Structures are given as C-alpha cells and as structure tokens.
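In our numbering, the protein residues as written are 2 to 269. We put the beta carbon where it would ideally sit given N, CA and C, even for glycine. None of the values given here were measured: they were computed from a predicted structure. One structure is given here, and the rest of the page talks about it.
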C-alpha cells in the first residue's frame, strides 16, 4: 500500500472514529433551569401602585402569547391577551369589582364550543353573545362573579417563567439596573440545545424585578443529548425553533380609558 492510499484509509478511519465518539459523547456540561444559582430563578415581577406591561412570546415568527395590561392607582385594571387563535380582554373597574371579559375567536364555530363548555359554569354569567352575520360575529361577552385582580400579575409571571430555561450572565451594572446576556447551552431537562442567543434583560439591582426583556434564541429538540444527534438534527433542519420573548414594564404616564364594550355591558 502506497503512502497516498494509506493516508486515505487513515482519514476514513479517523472520520469513523470521530462519528463514533460523537454518537456517544455527551456535552461536558449542561444547564439546570431549576438551579437556585441560576440568575433567571431570581427574576421577579415588579410591584407598583400603577403600571403598564406589554409582553409577547413568538415562535418561528408566530405569536404564541401576547399581552398588554394596565393597572391604575385606583386599582382599575385592563388586560388583552392574544393566544394566536383567540383574544381575551378583561376589564375590572376596581380591585373588588366584577370582572368583565370579552372573548374573540378566529373561528366562529369556537363560540358555540365555548358556550357549550361553560353552559353549567356557575362562576361565569353570559351577558352577551354575537350572532352569526353580526358585525362582531365570533365575540362572546361574559361577566365573572369572582375577582381576578391578580390575573395580570400571573400572566406576566407566566412569560417571565419561560426565561428560566436559558442561562444568563451579568454583562453590565450601572447602579440603576443590572443587564444580563444569554448563553448557548445544553438543557438536559428538556433534551434540547440552545444556540444563536442574542438580546438582553434589564432588572432592578436590588430586587431583580424585570423591567425590560428583548431576547431570542434557536432551540433544537433532541432525541439524545449527544453531539452527533445535534449535528444530524440541524443538518436535516428538523426540530429547531426560533424563539423570541419581549417584555416592557413602565410606571410613567399610566392611563386607562374604559373600553367601549365594557361600558356598554355595565350600563345594560
């Protein structure tokens, strides 16, 4: 065997060995999203007498969840949540007042489905429904008999909870806020790899209450947490999702006008 042939054979064997190693070698380290040492575990929702919060979760350019909410200093509350297939508006005139809810469905048949599901629900009173052919067809107006004064907080905490699945490191500290950047990582709990991370999070330096979020990353779901499985998955362009999360918490110039639909049902 001449030297050229031997080199080819050695190269092939080396490649085979590399593939074999990659197929069984796991990452040197993985990220535990539930670790108490994770900065994301310290992130919290900021408490204030009045505020406005806007936030969204987007997957591959498609809105999975989007909220816009306001709380005034007299505890008047309004929130609109877009789930992609349905939009839910909630208005509460005071902390102990009745909660008025308007649901809009992309598919009109969902109105009947929703009504059928809640027909015997004692906690919900149907105030108004739009009929097929009406200008607002696909809309259901309901009034809840129990307070949901903490609903906006729970909605924002749901979005902030999604941040714990990515590791962060502090990149800046100016006294007014701490800034965190994302890191690429392997996540054993979700059997996935996080790459192409970008953006930042700003939080209160003392309470770690989140003030602003604008982050994105590529999330690849894996059958096995190995380098070979990751390479094969990315090569076939399968099981990868581009995720984006935005969040803004503001306490200045907070104003709220009662929605027309809420005024209408209150005056009936």
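Any idea which residues DSSP pairs residue i with across the strands?
{"i": "residue 246", "result": "58, 216"}
{"i": "residue 252", "result": "Beta-bridge pairing links residue 252 to no other residue."}
{"i": "residue 187", "result": "194"}
{"i": "residue 222", "result": "193"}
{"i": "residue 64", "result": "59"}
{"i": "residue 44", "result": "None; residue 44 has no bridge partner."}
Put residue i into one of helix, strand or coil per three-state DSSP.
{"i": "residue 270", "result": "Nothing about residue 270 can be reported from this structure: the residues present for the chain run from 2 to 269 only."}
{"i": "residue 49", "result": "coil"}
{"i": "residue 259", "result": "coil"}
{"i": "residue 159", "result": "helix"}
{"i": "residue 113", "result": "helix"}
{"i": "residue 90", "result": "strand"}
{"i": "residue 209", "result": "coil"}
{"i": "residue 77", "result": "coil"}
{"i": "residue 99", "result": "coil"}
{"i": "residue 24", "result": "In this prediction, residue 24 scores a pLDDT of 44, lower than 50, which makes its location untrustworthy; the coordinate-derived value is nonetheless stated afterwards. Correct three-state label for residue 24: helix."}
{"i": "residue 154", "result": "helix"}
{"i": "residue 118", "result": "helix"}
Can you tell me which of the options puts its alpha carbon nearest to the alpha carbon of residue i?
{"i": "residue 197", "options": "165, 245, 172, 207", "result": "245"}
{"i": "residue 250", "options": "226, 211, 258", "result": "211"}
{"i": "residue 258", "options": "73, 214, 56, 61", "result": "73"}
{"i": "residue 60", "options": "157, 82, 241, 45", "result": "241"}
{"i": "residue 273", "options": "54, 64, 156, 214", "result": "Since the displayed the chain opens at 2 and closes at 269, residue 273 lies outside it and no answer follows."}
{"i": "residue 69", "options": "152, 63, 107", "result": "152"}
{"i": "residue 56", "options": "261, 86, 71", "result": "71"}
{"i": "residue 46", "options": "115, 157, 77", "result": "157"}
{"i": "residue 30", "options": "233, 194, 229", "result": "194"}
{"i": "residue 104", "options": "256, 86, 267", "result": "86"}
I need the boundaries of the alpha helix (DSSP H) containing residue i, first residue and last residue.
{"i": "residue 228", "result": "228-236"}
7 Å is my cut-off, CB to CB: does residue i come that close to chain C?
{"i": "residue 103", "result": "Considering every chain present, this structure includes no chain C. It has just one protein chain."}
### Query
Contact between the stretch 185-199 and the stretch 156-163: three or more CB pairs below 8 Å?
no
### Task
Could you tell me whether the stretch 47-54 touches the stretch 173-187, where touching means 3 or more Cβ pairs closer than 8 Å?
As far as the Cβ criterion goes, the stretch 47-54 does not touch the stretch 173-187, which means the pair count is below three.
#### Entry: Contact between the stretch 170-182 and the stretch 200-207 (3+ Cβ pairs under 8 Å)
These segments touch.
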